[in-house]
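S.K.: Just so we're aligned: the sequence shown equals residues 53 to 475 in this note's numbering. C-beta: ideal position from N, C-alpha, C; glycine also. Could you have a look at this structure, given as structure tokens, before my questions?
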Amino acid sequence: MAGGILLNSIRGQLTVMARVLLLIPSRTYRTHDFMEAASRLGVEVVVGSEHRSALAALMEGRQLRLDFHDLERSTQRIVAFARDHPLNAVVAVDDTGTLLAASAAKALGLAHNPVDAVEAARDKARMRQRFQAAGLLTPGFRTVEAREDAAAVATTVRFPCVVKPLDLSGSQGVVKADALDTLPDVLARVRAIVAACQPDGVRSAVLVEDFIAGEEVAVEALLRGGELDLLAIFDKPDPLNGPFFEETIYVTPSRLTTERQAEIRDTTARAARALGLTDGPIHAELRINEGGIWMLELAARSIGGLCSRTLRFGSGISLEELILRHAADLPMPAHDRERSAAGVMMLPIATKGRLKAVAGQAEARKVAGVDGLVITIPPGEQLVPLPEGDRYLGFMFARAESPAAVEAALREAHAQLRIITDG
Ligand SMILES: Nc1ncnc2c1ncn2[C@@H]1O[C@H](COP(=O)(O)OP(=O)(O)O)[C@@H](O)[C@H]1O
Ligand SMILES: [Mg+2]
């Protein structure tokens, strides 16, 4: 039983059982899919969480309370735990735990991303610097400190530009400014969003960068010992031209040419190398225009929300299962993405108000091709649109013969939904 590895026989197959520490932040959509993948793999899970949670309470000795931001102490705790309960991997299910996962994996001698690379991926300004230094096409940028005067800043940037927080996600606080006279208001709005996300309300720096027009794609991949294993390229067929950048539809396979897709893959691999990332999932966003392929960002985590449910590999393997297999060094089966086209719509929140109900769900589900609809905000809760909002109303999934049919199914089903609010 070296290294906490047990051998057991499930369905006549010899499988290897490993123990994995999952770092699960208090607010994440990803818990269920990772837990399910672990259970399917026969992997024992230890839950690392920041607060007491319903899940942690169920774990009976297989849970660790950890401050994800106190890397030193939390790494020590994990190492001490692993002395009695050897760990085969430390996996962050979402952005927040990626630094601690890298730090703990290093201390345990497991394959991991360098901590410094994860730090660069968590800070949009450092990420831009690294992309630029590597000669990648990436928007011109400058950071704007909290003390800087907005009117003065406005004279130093090109328009249109995008103002954004350094370390948020889901397009929260990302706002386009079209002209010099609008920049002070946009800057004030983004600064307020950033301050509201800090426990002490402190104002911190934000990023201002050139707006890059063009089509956008998202890339899902797994880094394995520095090699990029491309899992899927998603087209985003709804134009994202601002002023806010609400993501709606993701469809795979991409309708771009094979050559374009190869360039996107290569650009993503270069971007991962530029950051210094070597192992684990990555989620990248790129824009394509006549100037070439632009690196918008690359996160050292898998796709957010419930969007990974669009992906099935090999004989029905989930993205989370691939991530766990790689992290725990378990055998990696063939994992080409399934043949059908697939997609997700992140249900947009158009207006503010208290949610009463989402009507038309049964009708939406009946649309041919639609194979899932999950509303993730319970009735009674406040809906907050972007750029202030930080949650999706829900997720709708479709599968069909072609990407165009997937997109049409999602649009038709979405037209059946009515969001009823009061106030
Ligand atoms: N420089 C830019 N040019 C054009 N669009 C941008 C730019 N920066 C961000 N966007 C748009 O805003 C979205 C969210 O910005 P991003 O930097 O990816 O932040 P987040 O971490 O919140 O996803 C992007 O997917 C893109 O559509
Ligand atoms: Mg993004």
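1. Under the rule that 16 or more other beta-carbon atoms within 10 Å means buried, what is K408, buried or exposed?
2. Determine whether the beta carbon atoms of A173 and L283 lie at a separation below 8 Å.
3. Using a Cβ-based criterion (distance less than 7 Å to any ligand heavy atom), does E337 qualify as near ligand 2?
4. Around ligand 1, which residues pass a check of Cβ closer than 5 Å to any of its heavy atoms?
5. Roughly how many whole angstroms lie between the Cα atoms of Q413 and P439?
6. Going by DSSP, name the residue or residues bridged to F365.
7. What's the C-alpha gap between P138 and L152?
8. At what residues does the beta strand (DSSP E) containing R317 begin and finish?
9. V143 and L75 - do their beta-carbons sit closer together than 8 Å?
10. Based on Cα-Cα distance, which residue from S91, T83, D331 and L188 lies nearest to S100?
11. The beta strand (DSSP E) with K288 in it runs from where to where?
12. Can you give me the Cβ contacts of E315 inside the same chain, cut-off strictly under 6 Å, excluding the 5 residues immediately before and after it?
13. Along the chain, where does the alpha helix (DSSP H) that runs through H84 open and close?
14. Quick one, which of L107, P77, H103 and Q128 has its alpha-carbon nearest T148's?
15. What do you reckon, are the CB atoms on L358 and F297 nearer than 8 Å?
16. Buried or exposed for K176, going by 16 or more other Cβ atoms inside 10 Å?
17. Once you ignore the five residues that flank R210 on each side, which residues in its own chain have a CB closer than 6 Å to its CB?
18. Could you pull the start and end residues of the beta strand (DSSP E) that S101 belongs to?
19. Checking the sheet assignment: what are the DSSP bridge partners for P269?
20. Have a look at V238 and Y302 and give me their C-alpha separation to the nearest angstrom.
21. Kindly give me the distance between the Cβ atoms of A324 and L275, rounded to whole angstroms, as I take these residues to be in contact under 8 Å.
22. Going straight from the alpha carbon of A456 to that of P400, what length do you get?
23. Cα separation between R79 and K418?
24. Only counting the same chain, and skipping five residues up and downstream in sequence, which positions put a Cβ closer than 7 Å to that of S454?
25. Can you tell me the Cα-Cα spacing of L259 and A420, whole angstroms?
26. Among A156, G94, K228 and P217, which has the Cα closest to the Cα of M179?
27. If you measure between the beta carbons of Q224 and G441, is that distance less than 8 Å?
28. In the DSSP assignment, find the alpha helix (DSSP H) that holds T195 and state where it starts and stops.
29. On the DSSP bridge list, what partners appear for K216?
30. From the DSSP secondary-structure annotation, give me the bridge partner or partners of M347.
31. Starting from the N-terminal side, write out each stretch of the beta strand (DSSP E) that is 3 residues or longer and does not extend beyond the stretch 377-435.
32. Per DSSP, what kind of secondary structure is V209 in: helix, strand or coil?
33. So V271 and L338 are supposed to be a Cβ contact under 8 Å. How far apart are they, rounded?
34. Using 10 angstroms around the beta-carbon of D201, count the other beta-carbons present and answer buried if the total reaches 16, otherwise exposed.
35. Would a C-beta distance cut-off of 8 Å place D146 and R361 closer than the cut-off?
36. Where does I369 land, buried or exposed, given buried means 16+ other C-beta within 10 angstroms?
M.R.: The structure says:
1. exposed
2. no
3. yes
4. P191, V214, S221, S223, V226, E261, F263, I264, L292, F297, E337 and E349
5. 26 Å
6. I369 and R389
7. 17 Å
8. Careful: R317 lies outside any beta strand (DSSP E), inside the alpha helix (DSSP H) at T310 to L327.
9. yes
10. At residue 100 the sequence reads Gly, which differs from the Ser that was named. Minimum Cα distance to G100 is reached at T83.
11. Element bounds for K288: n/a, residue is neither H nor E.
12. I345
13. T83 to L93
14. P77
15. no
16. buried
17. D262
18. E96 to S101
19. Sequence check: residue 269 is Val here, not Pro. Looking at the DSSP assignment, V269 forms a beta bridge with D287 and L338.
20. 28 Å
21. 6 Å
22. 20 Å
23. 31 Å
24. A393
25. 43 Å
26. P217
27. yes
28. Careful: T195 lies outside any alpha helix (DSSP H), inside the beta strand (DSSP E) at F193 to V196.
29. L259
30. L338
31. 393-398, 405-411 and 422-427
32. coil
33. 7 Å
34. exposed
35. no
36. buried
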